[in-house]
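Take the sequence shown: its position 32, counted from the start at 1, is 38 in my numbering, and no numbers get skipped. Using N, Cα and C, we set each Cβ at its ideal position, and we do this for glycine too. Since this is a predicted model, take the numbers as computed values, not measurements.
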Amino acid sequence: MNQPSALGLVERARALAPLIASEAEHAEQARRLTEPVLSALIENGLYRSLLPQSVGGHEAPLEVQMQMLEEVAKADASTAWCLGQCSVCGMVAAYLDVDTAREIFGAPQNVLAWGAIAHEARATEGGYIATARWDFASGIRQANWLGAHVRIVEADGTPRKRPDGGAEIRTILFPATSAVLYDVWDVIGLRATGTDSYSVENLFIPERFTALRDVPSALREPGPLYKIATHYVFAMGFGAVSLGVARAMLDATTELARRKSPQGLSSMRDNAAIQGTIGRLEANWRAAHAYLYGTAAEISAHLAGGGDIAEQQRVAMRLASTWTIHQSASVVDTAYHMAGATAVFRANGFERRFRDMHAIAQQIQARNAHYEDAGRAILDDHLDAPARMRPLI
């Protein structure tokens with residue numbers, strides 16, 4: 007299988023941007039990615055960005071993953087969100103035996119999606135049995151494999167515990183044909199993500215199709231990427247998505263200001279207030295971009311030097327990603343209002359970016375409680391202690 011190198015992923019994403027942008031309105035109406043976009047993402051190997059090389063993936067560095075998502079988000083936030091969700095889901099391959107991982111991810115068109123942690127699965131001979139429904143599964147409509155994160159109970163109903171006494175959370179994986187999908191994603195923003203719900207009934211999952219995701223002792227891949235827990239890769243990637251949306255909004259507003267002359271007023275480009283606002287927005291966007299990518303570079307350098315991810319790195323990633331999303335939303339809001347009445351027309355693209363950005367800012371990755379978690383860790387001065395960050399999806 008001839009896959010592009012990880013270093014080519016950003017260029018391929020940039021080349022696909024015109025197609026993604028041209029399909030964005032169709033995707034919004036259908037509330038899922040269109041077939042031309044989905045096929046292009048698969049053919050260019052973008053969904054395989056974080057898969058281990060041992061199963062035909064790119065095993066891309068964190069910064070490359072972020073740059074890829076940012077480029078896609080400039081064209082359409084929903085496409086970038088689905089790509090970010092499903093590509094990070096693929097990191098579970100690093101916790102499976104290689105034959106099982108190849109069975110799930112071997113074909114280029116195979117895509118995995120999952121929802122939030124919920125419910126339980128009962129241990130039985132050779133595996134587990136699950137009956138449950140899960141929500142918030144971004145990208146589920148393009149996936150042919152699904153997963154779920156469940157608490158494990160023994161055959162007698164006793165909760166299974168980790169060595170530290172906490173509940174064992176295991177990721178179960180199964181073909182999408184084993185599940186019932188529910189069309190529930192009728193929302194104001196990120197409409198094309200198809201973040202629907204799904205359920206299974208008395209489904210048997212063989213042991214080998216389960217994983218202890220983000221448990222270091224269960225990791226079989228040696229690459230530095232897999233030392234980063236998946237929920238932090240989600241966070242950094244979605245921070246990059248927010249930067250892409252903000253960049254597209256700011257560029258569109260700047261272009262509008264170059265040519266628009268509101269009735270009875272001086273042209274926008276000659277208005278000192280507009281000039282000052284654009285200057286400040288540009289500085290704010292660049293500051294957020296530098297902070298997020300600077301944090302990613304520090305993490306990568308730390309891992310390249312043989313370090314492991316500890317509390318200090320987790321706090322850094324959580325702060326950077328949360329603040330970047332909030333800062334991007336601020337840029338989008340100001341640019342949207344600066345565009346005036348032009349922004350309210352669907353054909354101009356401003357209002358879709360505005361809605362998408364506010365859907366991103368409502369997601370779990372942007373909640374204010376992350377600041378509290380980080381502040382607590384800083385004030386406790388226990389940066390080498392086990393992580394206090396709340397697990398995400």
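Roughly how many angstroms lie between the CA atoms of residue i and residue j, to the nearest whole one?
i	j	result
Ala241	Leu52	18 Å
Ser334	Asn374	15 Å
Glu317	Ile370	20 Å
Ala254	Asn277	22 Å
Ala383	Phe244	23 Å
His237	Arg320	10 Å
Ala124	Pro165	14 Å
Arg20	Ala372	26 Å
Val43	Thr348	28 Å
Tell me residue i's beta-bridge partners as DSSP assigns them.
i	result
Ser272	BP columns for Ser272 are empty, so no partner.
Thr177	His155 and Ala217
Thr130	Gly133
Leu209	Ala136
Ala143	Asp202
Excluding the 5 residues preceding and the 5 following residue i in the sequence, name in chain order all residues of the same chain whose CB lies nearer than 6 Å to its CB.
i	result
Val104	Ser60
Phe111	Leu57, Val61 and Ala99
Leu75	Ala86, Gly90, Gly243, Ala246 and Val247
Under three-state DSSP, which class holds residue i?
i	result
Lys233	helix
Pro165	strand
Ser327	helix
Ala119	strand
Val186	strand
Glu98	Before going further, note that residue 98 is Val rather than Glu in the sequence given. Here Val98 sits in helix by DSSP.
Ser55	coil
Gln318	helix
Leu225	coil
Arg286	helix
Gly171	coil
Here's a check: name, in chain order, each residue in its chain whose Cβ is nearer than 7 Å to the Cβ of residue i, leaving out the five neighbours to either side.
i	result
Leu102	Ala217
Ser205	Ala138, Arg139, Ala185 and Val186
Pro222	none
Ala46	Leu22 and Leu25
Could you pull out every residue in the same chain whose Cβ sits closer than 8 Å to the Cβ of residue i, ignoring the five residues on either side in sequence?
i	result
Gly200	Arg37, Arg38, Leu39, Cys88, Ser144, Gly145, Ile146, Arg147, Gln148 and Trp191
Arg54	Gln9, Gly62, Gly63, His64, Ser93, Gly96, Phe111 and Pro114
His343	Ala349
Original post:
Can at least three beta-carbon pairs, one atom from the region 184-203 and one from the region 141-154, be found at a separation below 8 Å?
Top reply: Under the Cβ criterion (8 Å, minimum of three pairs), the region 184-203 counts as touching the region 141-154.
Original post:
Any contact of the region 127-139 with the region 67-78, i.e. 3+ C-beta pairs under 8 Å?
Top reply: The answer is no - the region 67-78 does not touch the region 127-139, with fewer than three Cβ pairs under 8 Å.
**OP:** Spell out a yes or no on whether the region 258-272 and the region 344-358 are touching, meaning 3 or more CB-CB pairs, one atom from each, closer than 8 Å.
**Re:** Enough Cβ pairs lie closer than 8 Å, so yes.
Original post:
At a cut of 8 Å, does the region 174-181 reach the region 113-130 through at least three beta carbon pairs?
Top reply: Short answer: they touch.
**OP:** Assess, as a yes-or-no matter, whether the region 326-341 is touched by the region 156-169 under the definition of 3 or more beta carbon pairs within less than 8 Å.
**Re:** Because the criterion of three Cβ pairs below 8 Å is not met, the region 156-169 and the region 326-341 do not touch.
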